[in-house]
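S.K.: Can you read through this structure? Questions will come right after.
In this note's numbering, the protein residues as written are 28 to 259.
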């Protein structure tokens, strides 16, 4: 649960203060031939650095390889737009959770998920106020709410532009057959059929299956498989 609280706190502090905590190291960002490699939390400075490295690359970037526990909504959306504008293939290694799944997958030309990798959704800007209040102090809610409404608008516009299911970030919280509550996981993932029905790009899962738990920077991330939503 620490990761859940930290990501919520990152969002809150971005909106309300001029300083950010540093619960995770700065992401590791590099180039390998025509591939941009991003390993770490999705943050504003991380995304700006990745974009600068890509712009300065002597070789046209065609792929983004990412390992990420998620991060901040606005930088995640901007990284998604960057992927879409550059028509990048997305390669996921080890972990793509929360903002990584929310905003990178819808934007990719294609998606390859490497063997022994966890993919998970965890909610988004448009999740319920009740869920947001679990990570935002009550005393600060009135200050945070206008910022949240702006985030919700940006997220809605992004998902609409990507032409994917608008509620892809929250089905695991709102559907009656959700597995997250019964299994007490941090997040959830969807069947391939449901991901196709939600109009995500073509997905290849190397090894044929996804992990449901993984350790990342001394934190355990857990997900469960949502029962099918669209093909029942």
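Glycine residues also receive a C-beta, built at the ideal position from the N, C-alpha and C atoms. It should be emphasised that the depicted structure is a prediction, and the values quoted were computed from it without experimental measurement.
Mind checking which residues open and close the alpha helix (DSSP H) that includes residue 168?
M.R.: That run of the alpha helix (DSSP H) goes 168-189.
S.K.: Is the number of C-beta pairs between the segment 143-156 and the segment 175-185 that are closer than 8 Å three or more?
M.R.: Touching, yes.
S.K.: Can you check DSSP and say which residues form a bridge with residue 62?
M.R.: 59, 90, per the DSSP bridge assignment.
S.K.: Looking at C-alpha atoms only, which residue of 103, 249, 102, 93 is the closest neighbour of residue 118?
M.R.: If we check each option's Cα against that of residue 118, 93 comes out closest.
S.K.: I think residue 133 touches residue 186, with their Cβ atoms under 8 Å apart; what is that distance to the nearest whole Å?
M.R.: Contact flag correct, Cβ pair sits at about 6 Å.
S.K.: Report buried or exposed for residue 209, applying the criterion of at least 16 other Cβ atoms within 10 angstroms of its Cβ.
M.R.: When all chains shown are included, residue 209 counts as exposed.
S.K.: Identify which residue in 52, 219, 65, 224 has its Cα closest to the Cα of residue 103.
M.R.: The option with the nearest alpha carbon to residue 103 is 65.
S.K.: Just grab the DSSP bridge partners of residue 71 for me.
M.R.: Per DSSP, none; premise fails for residue 71.
S.K.: Alpha helix (DSSP H) containing residue 201: first to last residue?
M.R.: Start and end: 198-201.
S.K.: Can you grab the Cα-Cα spacing for the pair residue 173 / residue 234, in whole Å?
M.R.: Distance between the alpha carbons of residue 173 and residue 234: 44 Å.
S.K.: Look up residue 127 in the DSSP assignment and say whether it is helix, strand or coil.
M.R.: It is helical.
S.K.: Exposed or buried, which one is residue 247 when buried takes at least 16 other CB atoms within 10 Å?
M.R.: Answer is exposed; the Cβ neighbour count stays below 16.
S.K.: Helix, strand or coil for residue 49? Go by DSSP, reduced to three states.
M.R.: Residue confidence is low: residue 49 scores 47 on pLDDT, short of 50, so the model does not pin down where it sits. Its coordinate-derived value is still stated next. Correct three-state label for residue 49: coil.
S.K.: Rounded to a whole number of angstroms, what is the C-alpha to C-alpha distance between residue 72 and residue 55?
M.R.: Computed Cα separation, rounded: 12 Å.
S.K.: Is residue 63 near the ligand SAM - that is, is its Cβ less than 7 Å away from at least one heavy atom of it?
M.R.: Among the components of this structure there are no ligands whatsoever, and the ligand SAM is therefore not found.
S.K.: Nearest CA to the CA of residue 20: which residue from 222, 226, 241?
M.R.: Any property of residue 20 remains undetermined from this structure, which presents the chain solely from 28 to 259.
S.K.: With distance defined between alpha-carbon atoms, name the residue in 206, 212, 211 nearest to residue 218.
M.R.: Out of 206, 212, 211, 206 has the C-alpha closest to the C-alpha of residue 218.
S.K.: Excluding the five sequence neighbours on either side, which residues of its own chain have a C-beta within less than 6 Å of the C-beta of residue 243, listed in chain order?
M.R.: Within the same chain, residue 243 has close Cβ partners 96, 122.
S.K.: Cutting at 6 Å between CB atoms, please list the residues of its own chain near residue 239, excluding the five before and the five after it.
M.R.: Taken in chain order, the residues that qualify are 250.
S.K.: According to the Cβ coordinates, are residue 115 and residue 88 closer than 8 Å?
M.R.: In this structure, residue 88 lies closer than 8 Å to residue 115 by Cβ.
S.K.: Can you list, in chain order, the residues of its chain whose CB lies under 6 Å from that of residue 241, leaving out five sequence neighbours each side?
M.R.: Answer for residue 241: 122, 145, 248, listed in chain order.
S.K.: Excluding the five sequence neighbours on either side, which residues of its own chain have a C-beta within less than 7 Å of the C-beta of residue 60, listed in chain order?
M.R.: Contacts found: 86.
S.K.: Specify the secondary structure class of residue 107 as computed by DSSP and reduced to three states.
M.R.: Of the three classes helix, strand and coil, the one that applies to residue 107 here is helix, per DSSP.
S.K.: Note down the Cα distance separating residue 188 from residue 101, rounded to an integer number of angstroms.
M.R.: So the alpha carbons of these two residues sit roughly 15 Å apart.
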